[in-house]
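Colleague:
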Amino acid sequence: MPRKSKNKFNIHGDIISIMREGWEQMAFATYREDYYEELSTHTWTLSNGYPTNATLGGGLH
């Protein structure tokens, strides 16, 4: 069974927005079809304004 992320993901052209309840801002990353499943099945937190996931080894830039 795939993991369920606590985040919400929306694709707008080549940009993916990442949001989570309680966040004051939205995070953005470049959308790549080959990374979408991995990106969207993990829960992301914000660290200094950047989405971070310890399981995947850090943050998105």
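Numbers 181 to 241, taken from our numbering, label the letters of the sequence shown in order. Heads up, the beta-carbon is just placed ideally off N, CA and C, and yes, glycines get one too.
Name the residue from H192, I196 and K188 whose alpha carbon lies nearest to the alpha carbon of Y166.
Modeller: The question about residue 166 has no answer here: the residues shown for the chain are numbered 181 through 241.
Colleague: On a CA-only basis, which of L226, F208, L240 and E217 is nearest D194? Give me that one, please.
Modeller: Out of L226, F208, L240 and E217, F208 has the C-alpha closest to the C-alpha of D194.
Colleague: At which residues does the beta strand (DSSP E) containing L226 begin and terminate?
Modeller: Element bounds for L226: T225 to S227.
Colleague: By how many angstroms is the C-alpha of G239 removed from the C-alpha of E201?
Modeller: In a straight line, the C-alpha of E201 is about 19 Å away from that of G239.
Colleague: Between which two residues does the beta strand (DSSP E) holding Y211 run?
Modeller: From DSSP, Y211 is part of no beta strand (DSSP E); its letter is neither H nor E.
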